[in-house]
Amino acid sequence: MTRLRSPNLLPMLVVALVVVALYYPLMLLANVPVAQRALESGAALECKTALACASQLRSPVLPSPQQLLQGFRNLTFPLTAPTSILPNAWATAGNTLLGLLLATVVGFFFAIGIVASRAFERSLLPWVVASQTVPVIALAPMLVVVLGQYGVQGALPKAIIAAFVAFFPITIGVAKGLRSPDPLALDLMKTYNATQSQTYLKLRFPASVPYLFTAFKVAVTAALIGAIVAEISTVGFQQGLGRMLFENSRASDVVSIWVIMISSAILGILLVALVGWVERRVTPWRR
Amino acid sequence: MAPVGARGMGGVRRENPAMGWGLLAVGLVLLLWFIADWWNQSNPASPGQKLLIWIGFLLAALGVARVAGHLSDRTSNPLLGFVPAGLTLLLALVMVEALLRAYQVPAGLIPTPTRVFSTLWDSREVLLQDARQTVLLEAGVGYLIGCSLGVLMALLVSRFVFLERGLLPYATAFSSIPIVALAPVLVKMLGLDWPSKAVIVAITVFFPVVINTFRGLTEINPLSLDLMRSYAAPEAQTYRWLRLPNALPFLFNALKLGTTLAMIGAIVGEFFGANGQGLGFRIQIEAGRFGFDIVWSAIIVASILGIVWYNLVAWIERRLTGWHVSFRE
């Protein structure tokens, strides 16, 4: 979907240009009152008029493009410093993918249970569904502390929370996939006198792969949110975009928060693209 | 699915359900007896007692499985159909209570269910006030704004091909962005009061609504469109009689998803600053000072309200789209 197709390119560019063109006046409009107030309060500013100050406020309502560029440069170089974006984004991506792996294991467990036994479905599925109408994310601050008390530290608690948020779409997707084989194919397995495990290994699992990837695309975003929230709640020195977000939010470094927000957006898009790439690799027959 | 389902519980179905109820009762009595016995103890239970707890749990779990297998075959009554799920919850709560007491996990770390419920009752006024701020103001107002803007946008995008090509790819890209990253920016921009969180919620629910409604407005049987054309129906009537009704089921999917997203958006938004009340604020503050009984109470309140809200939307959906295939028997 995100792949650019030629008829979309021109309209997309036009929309992007309009947004960029509107951004600058909007930024000035939002910042001038703040700048005016700063000037009136007699703060020592280098600029003379409110209009000139509007693009260089320390905590702007909307940061100006120059500030954003400057912020990106500050947070990107040196590339491997603990406070720069690259290692933090790498850590968050790692937590997210580890969480996705855990979520897949749990998701398969639940999906097989649901497909194989109606009793299992009846007694557990309502709670699995209910757990999704519940803000699962609210558990994150507590889970981090409790898991930390029992010595679970490092990437694992964050991955567990990411998995907690992400397992539901996977469960539903895989359950759908396991049920998707043609009844004729199932009958064929029966005429071969295949055992349950053979039916699963040779028919149901392969049939569920496309569904699994559709679910992954939803789940990876959810897992990223989970990982970031988990990082926010973790105490002590840790790496991750969530940690950066929290610290810069504490320090009221508005430009940096914007930069981190844009970076995590890019990370989200990259992760979804990664899933799409793996999908094309694993299921070439679906093109 | 039928053959596997039948084989999976073939053994269960021939049994008398009374057996299941009996097992469940014996298991529960074992667990409850232990809890009552250990109510005022402060040292861990002996290995024998722990074994007893696990045996009780296994018996009760087997009982639930039997009852569920029996009930799921012969009832279409939703109330009876819910019995297995209710039993599972009951069993889980009793088991957690027994385990926490047997291993004497400090109440500051994982509070027992009974403790959580008594805290919930004691602090109900504070929590209700928090819920009013989080659910009614932040999530509710944001949800209404985000959904209305989303529907408007979908209508525009479906009407003008240029917008479809120029905006929709961005909307799809936006849906893969972690909303939490938006929260600190918006809280800094709009202040600590509830409107900043309402804006977060509005942005969160906006994109799924646009994408889903757009699909509903455009994925239309070509024959129906041709029919409208041969009636020489103006665009407005095509929307009124064909596109909008077709979009309703898609829209409601997004609206149901949106209730969850709205709750998450409001609660996470409060993690980044609130004006001293709100469920997310309460959770953040109390988790920081090990007040987990309040945290759990806040989560219970948020969950119940989330479930009620979801079901409210689902109820409206049934009223408005009762004609749709997915509701026909």
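Taken in order, these protein sequences are the chains called A and B.
Just so we're aligned: 16 in the UniProt record's numbering is position 16 of the first sequence, and the numbers increase by one with no gaps anywhere.
Just so we're aligned: 172 in the UniProt record's numbering is position 172 of the second sequence, and the numbers increase by one with no gaps anywhere.
Note that the Cβ used here is the ideal one computed from N, Cα and C, for glycine as well.
Tryptophan 296 of chain B versus A:Val146, A:Ile172, A:Val255 and A:Pro60, residue with shortest Cα-Cα distance
A:Val146
If you scan the segment 100-172 of chain B from start to end, which runs of the alpha helix (DSSP H) of 4 or more residues do you find wholly inside it?
113-122, 124-131 and 142-159
So that I know if they touch, is there some Cβ in chain A lying closer than 8 angstroms to that of threonine 213 of chain B?
no
Skipping 5 residues on each side, what residues in its chain have a beta carbon closer than 7 angstroms to that of alanine 219 of chain A?
Leu100, Ala103, Ala166, Pro169 and Ile170
Return the chain-ordered list of same chain residues with a C-beta closer than 6 angstroms to the C-beta of proline 111 of chain B, the five sequence neighbours on each side being excluded.
Phe292 and Asp293
Tell me the rounded alpha-carbon separation between leucine 51 of chain B and proline 44 of chain B.
13 angstroms
Contact set between threonine 221 of chain A and chain B, taken where Cβ atoms lie within less than 8 angstroms
Ser175, Ser176, Ile177 and Pro178
If you measure between the beta carbons of valine 313 of chain B and leucine 251 of chain B, is that distance less than 8 angstroms?
no
Would you report the Cα separation of valine 254 of chain A and alanine 159 of chain A, rounded to the nearest angstrom?
28 angstroms
For glutamine 129 of chain B and chain E, any beta-carbon pair shorter than 8 angstroms?
The structure shown contains no chain E; the protein chains it does contain are A and B.
Whole angstroms are fine: how far does the CA of glycine 107 of chain A sit from the CA of lysine 202 of chain A?
19 angstroms
Flag valine 146 of chain A as yes if its beta-carbon sits less than 8 angstroms from any beta-carbon of chain B, otherwise no.
yes
For the putative contact between arginine 122 of chain A and alanine 68 of chain B, defined by C-beta atoms under 8 angstroms, what is the C-beta separation to the nearest angstrom?
5 angstroms
Alpha carbon to alpha carbon, how far is phenylalanine 271 of chain B from serine 252 of chain A?
15 angstroms
Return no unless some Cβ of chain A is closer than 8 angstroms to the Cβ of lysine 197 of chain B.
no
Which residues in chain B sit within 7 angstroms of alanine 265 of chain A, going by Cβ to Cβ distance?
Ile177 and Ala181
Checking contacts by CB at 8 angstroms: is methionine 12 of chain A closer than that to chain B?
yes
Can you find a C-beta in chain B that's less than 8 angstroms from the C-beta of tryptophan 90 of chain A?
no
Measure how close the beta-carbons of residue 306 of chain A and glutamine 239 of chain A come, nearest whole angstrom, since I'm counting them as under 8 angstroms.
Residue numbering for chain A in the displayed model covers 1 to 287; residue 306 of chain A lies beyond these limits and cannot be assessed.
How many whole angstroms separate the CB atoms of methionine 27 of chain A and valine 185 of chain B, which I take to be in contact at a CB cut-off of 8 angstroms?
Actually they do not touch by this definition, with Cβ atoms about 14 angstroms apart.
So valine 94 of chain B and leucine 137 of chain B are in contact, right, with Cβ under 8 angstroms, and what is the actual spacing, rounded?
No, valine 94 of chain B and leucine 137 of chain B are not in contact; Cβ-Cβ is about 37 angstroms, not under 8 angstroms.
Segments of 4+ residues assigned as alpha helix (DSSP H) that fall wholly inside the segment 137-209 of chain A
140-149, 155-178 and 183-191
In chain B, which residues lie with their C-beta within 8 angstroms of the C-beta of valine 229 of chain A?
Val180, Val268 and Phe271
Contact list for isoleucine 257 of chain A against chain B, beta-carbon separation under 7 angstroms:
Pro184, Val185 and Lys188
Taking only beta-carbon atoms, is valine 15 of chain A less than 8 angstroms away from chain B?
yes
Within 10 angstroms of its Cβ, does glutamine 66 of chain A collect 16 or more other Cβ (buried), or is it exposed?
exposed
For threonine 172 of chain B, which residues from the same chain have a beta carbon less than 7 angstroms from its beta carbon, with the 5 sequence-adjacent residues on both sides left out?
Ile211
Taking DSSP as the reference, what is the three-state secondary structure of alanine 45 of chain B?
coil
Own chain residues within Cβ distance below 8 angstroms of glycine 11 of chain B, not counting five before or after
Caution applies to glycine 11 of chain B, whose pLDDT of 43 falls short of 50 and renders its modelled position unreliable; the value that the coordinates give is listed next. Answer for glycine 11 of chain B: no residue qualifies.
When you compare each of B:Ala131, B:Ile55 and B:Arg229 to alanine 266 of chain B by their alpha carbons, which one comes out closest?
B:Ala131
When the Cβ atoms of the segment 188-208 of chain A are set against those of the segment 141-155 of chain A, are three or more pairs found closer than 8 angstroms?
no
By how many angstroms is the C-alpha of isoleucine 300 of chain B removed from the C-alpha of arginine 118 of chain A?
28 angstroms
Can you tell me whether DSSP reads aspartate 37 of chain B as helix, strand or coil?
helix
Within the 8 angstroms Cβ cut-off, does leucine 224 of chain A reach chain B?
yes
Closer than 6 angstroms by C-beta to isoleucine 145 of chain B: which residues in its own chain qualify, once you throw out the five before and the five after it? Chain order, please.
Ala202
Sorted by chain position, which residues of the same chain lie with C-beta nearer than 6 angstroms to leucine 267 of chain A's C-beta, five sequence neighbours on each side aside?
Ala89
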